[in-house]
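Residue 384 in our numbering sits at position 384 of the sequence shown, and the numbers go up by one each step. Accompanying notes for the structure given below.
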Amino acid sequence: MELLNNDQLKELLALRKWLHKNPELSGKEKNTSRKLETFIRQTSPDKIITGLGGFGVAAVYVFDEKGPTILVRADMDALPIDEVNTFAHKSRNDGVSHKCGHDGHSTILAALGIALKNNPLPKGRIILLFQPEEETGKGAAKVIADEAFKMIKPDYAIALHNLPGFEKAAIVLRDGPFAAASTGMIIKITGSSSHAAQPEQGNSPVKMLAHAMREIPEIPHKKSAKFKDFALATIIHSKLGEVAFGTNPGKAVLMATLRTYYNDDMVVLVKEAERLVKSLAEEYKMKIEISYTEDFPATINDKKLNDVIRHMCDELGEEIVEIDEAFRWSEDFGHFTSNFRGTLFGIGSGKDSPGLHNNDYDFPDEILPHAVQVFYHTIRKILNT
Ligand SMILES: [Zn+2]
Ligand SMILES: [Zn+2]
Numbered sequence: 001m002e003l004l005n006n007d008q009l010k011e012l013l014a015l016r017k018w019l020h021k022n023p024e025l026s027g028k029e030k031n032t033s034r035k036l037e038t039f040i041r042q043t044s045p046d047k048i049i050t051g052l053g054g055f056g057v058a059a060v061y062v063f064d065e066k067g068p069t070i071l072v073r074a075d076m077d078a079l080p081i082d083e084v085n086t087f088a089h090k091s092r093n094d095g096v097s098h099k100c101g102h103d104g105h106s107t108i109l110a111a112l113g114i115a116l117k118n119n120p121l122p123k124g125r126i127i128l129l130f131q132p133e134e135e136t137g138k139g140a141a142k143v144i145a146d147e148a149f150k151m152i153k154p155d156y157a158i159a160l161h162n163l164p165g166f167e168k169a170a171i172v173l174r175d176g177p178f179a180a181a182s183t184g185m186i187i188k189i190t191g192s193s194s195h196a197a198q199p200e201q202g203n204s205p206v207k208m209l210a211h212a213m214r215e216i217p218e219i220p221h222k223k224s225a226k227f228k229d230f231a232l233a234t235i236i237h238s239k240l241g242e243v244a245f246g247t248n249p250g251k252a253v254l255m256a257t258l259r260t261y262y263n264d265d266m267v268v269l270v271k272e273a274e275r276l277v278k279s280l281a282e283e284y285k286m287k288i289e290i291s292y293t294e295d296f297p298a299t300i301n302d303k304k305l306n307d308v309i310r311h312m313c314d315e316l317g318e319e320i321v322e323i324d325e326a327f328r329w330s331e332d333f334g335h336f337t338s339n340f341r342g343t344l345f346g347i348g349s350g351k352d353s354p355g356l357h358n359n360d361y362d363f364p365d366e367i368l369p370h371a372v373q374v375f376y377h378t379i380r381k382i383l384n385t
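What follows is the structure in structure tokens.
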């Protein structure tokens, strides 16, 4: 069975390079979305839904016999990173580039659309979802909450992410947690300012800030906190007062990223962090305000779906790498695995590939046919055809 012919492959590689050259930030994927919509139209889906959770596009294919709905998701946003590569398809948008390979993920999904047109399935319903805003953790949740998503509610959801550090095209699998839950914690601290010559007349947040900066990263190691697995708290930003040498500051902001492999461990970590900050605020007589941003649930993979992928990789002769530990980074596909039976697998982008989000990274096109093959045959197997 030929999934893609040579001309189609060439067209797909041109699409990947166009996407790389024209990157757009999370939530601003207007041209990316239009380009993908135009491309996917030529695969004659039964329906195309646009404007899904922002610039999301879903192509819906309904096959002859009734069967389950399988959603395959690709992300499409780029990052605020200046590209240092000098090749012909380098980013032409200053300060923005595809450094996570979402240009490649979207192209794989477009390729899957062509594979479905070349080799229609006997049954079931397939949704190819081009999802916006992955990098900020907002896109998946917005798509799922979109009214139009109700009609495409899937029985299964699958996705992939390319992974530098693994052999090219190796399929990376793990049952259960695959990518961590994470959330950005913002702590606003208010005391009172005074003249720098009379600090005793004010109440500077400096001591509380220093104390919190030291203690927050220690929470995962506290004996009293009951974590069943990995937990991590990283201070990522802080600000104390303004640059004014005559002023003893009255305000501060502290930000930390909290990470765990399980969603219930995140509940514990958030509770412990809030408890600590509240008790410090009391100790130093500060007012505090706590808020959260960039919320990613854990991506928890379904074992049965993984078993189908394992089986298909064996049959297709694709290499499988089973990993012992989940990844510490987060993926907003966690919103899908929280709501539907789903799995996210990794596909190696080369042992010597620059890391994700590095300014010299580029998606390796050679892995595209492998990814399409694994997706297509896994879908067939899930549908039992
Ligand atoms: Zn990324
Ligand atoms: Zn990514």
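Cβ coordinates follow ideal geometry from the N, Cα and C atoms, glycine included. Treat the numbers as computed from the prediction; the structure is a model and nothing was measured.
Terminal residues of the continuous beta strand (DSSP E) containing R341? In this chain, the beta strand (DSSP E) harbouring R341 covers 341-348.
Taking the alpha-carbon of R275 as reference, which of A141, I219, G176, M312 has the nearest alpha-carbon? For R275, the nearest C-alpha among the options comes from I219.
Chain-order list of residues whose beta-carbon lies under 8 Å from that of A281 (same chain, five-residue window excluded): Excluding positions up to five away in sequence, the list reads I189, M208, K287, I288.
Per DSSP, I235 forms a beta bridge with which residues? By DSSP's assignment, I235 forms a beta bridge with A256.
Which runs of the alpha helix (DSSP H) fall wholly inside the stretch 40-66 and span at least 4 residues, in chain order? Taking only runs of at least 4 residues, no alpha helix (DSSP H) segment lies wholly in the stretch 40-66.
Determine, using beta carbons only, whether Q131 and D46 come nearer to each other than 8 Å. No; because the gap between Cβ atoms is not below 8 Å, this pair is not in contact.
Touching or not, the stretch 118-136 and the stretch 42-57, by the rule of three or more beta carbon pairs under 8 Å? In the pairwise beta carbon analysis, the stretch 118-136 is classified as touching the stretch 42-57: at least three pairs are separated by under 8 Å.
May I ask you to list the residues that DSSP assigns as paired with P177? Paired residue(s): I300.
Could you check whether the stretch 10-25 touches the stretch 56-66, counting it as contact only if at least three pairs of C-beta atoms, one from each stretch, sit closer than 8 Å? The stretch 10-25, when compared against the stretch 56-66, does not touch it at the 8 Å Cβ threshold.
To the nearest angstrom, report how far apart T299 and A252 are at their CA atoms. Going by C-alpha positions, T299 is about 33 Å away from A252.
Give a yes or no on whether the C-beta atoms belonging to L112 and F375 are separated by under 8 Å. The Cβ-Cβ distance between L112 and F375 falls below 8 Å.
Here's the rule: buried if 16 or more other CB atoms are within 10 angstroms of the residue's CB, otherwise exposed. What is D360? Counting Cβ neighbours within 10 Å, D360 comes out exposed, since fewer than 16 surround it.
Near ligand 1: H357 beta-carbon under 7 Å from a heavy atom: Answer for H357: yes, Cβ within range of ligand 1.
Member of I320, N162, A233 whose CA lies at the smallest distance from the CA of S106: Comparing Cα-Cα distances from S106 to each of I320, N162, A233, the minimum goes to N162.
Nearest neighbour of Q8, chosen from E83, K117, W329, A59 [CA to CA]: In terms of Cα proximity to Q8, the closest of E83, K117, W329, A59 is K117.
Just mark P80 as buried or exposed, buried being the case when its beta carbon has 16 or more other beta carbons within 10 Å. Its Cβ having fewer than 16 others within 10 Å, P80 is exposed.
Which listed residue (G27, S26, F55) has its alpha carbon closest to that of K35: The option with the nearest alpha carbon to K35 is F55.
A180 versus P297 - alpha carbon distance: So the alpha carbons of these two residues sit roughly 7 Å apart.
For D332, verify whether its CB is less than 7 Å away from any heavy atom of ligand 2. Ligand 2 never approaches D332 closely enough for any of its heavy atoms to be under 7 Å from the residue's Cβ.
In whole angstroms, give me the CA-to-CA distance for D402 and F166. Summary: the structure shown does not reach residue 402, with the chain confined to residues 1 through 385, and so no result is reported for it.
Do P249 and T234 come within 8 Å of each other at the CB atom, strictly closer than that value? Not a contact, by the Cβ cut-off of 8 Å.
C-beta contact flag for L3 and V267 at 8 Å: At the C-beta level, L3 and V267 stay beyond 8 Å of one another.
Rounded distance between the beta-carbons of G346 and L401, thought under 8 Å: One cannot answer for residue 401 here, as it falls past the ends of the chain, which runs 1 to 385.
From A157 to E134, what distance separates their C-alpha atoms? C-alpha separation (whole angstroms): 16 Å.
Reducing DSSP to helix, strand and coil, say where R73 ends up. In this structure, R73 counts as strand in the three-state DSSP scheme.
Residues in the same chain with beta-carbon distance under 6 Å from S291, minus the five sequence neighbours each way, listed in chain order, please. Cβ neighbours of S291 beyond the five flanking positions: I186.
Within the 8 Å Cβ cut-off, does Q198 reach chain C? No chain C appears in the structure shown, which is made up of a single protein chain.
Report the option in M213, T247, N306, L71 whose CA atom is closest to the CA atom of Q201. Nearest in C-alpha terms to Q201, of all of M213, T247, N306, L71, is T247.
In the DSSP assignment, what are the bridge partners of G184? Listed as beta-bridge partners of G184 by DSSP are T257, T293.
Using the C-alpha atoms, what's the distance from D302 back to P338? It should be pointed out that residue 338 corresponds to Ser in this sequence rather than to Pro. So the alpha carbons of these two residues sit roughly 11 Å apart.
Which of helix, strand or coil DSSP assigns to F375: Here DSSP, grouped into helix, strand and coil, assigns F375 to helix.
So, are the CB atoms of I171 and I320 less than 8 Å apart? In this structure, the beta-carbon distance from I171 to I320 falls below 8 Å.
Is the beta carbon of D75 within less than 7 Å of some heavy atom of ligand 2? At least one heavy atom of ligand 2 is nearer than 7 Å to the Cβ of D75, so yes.
What did DSSP end up calling L121 once you bin it into helix, strand or coil? For L121, the secondary structure class from DSSP, reduced to helix, strand or coil, is coil.
Spatially closest choice to C100 from L25, L269, K138, N203, by CA coordinates: Nearest to C100 by alpha-carbon distance, out of L25, L269, K138, N203, is L25.
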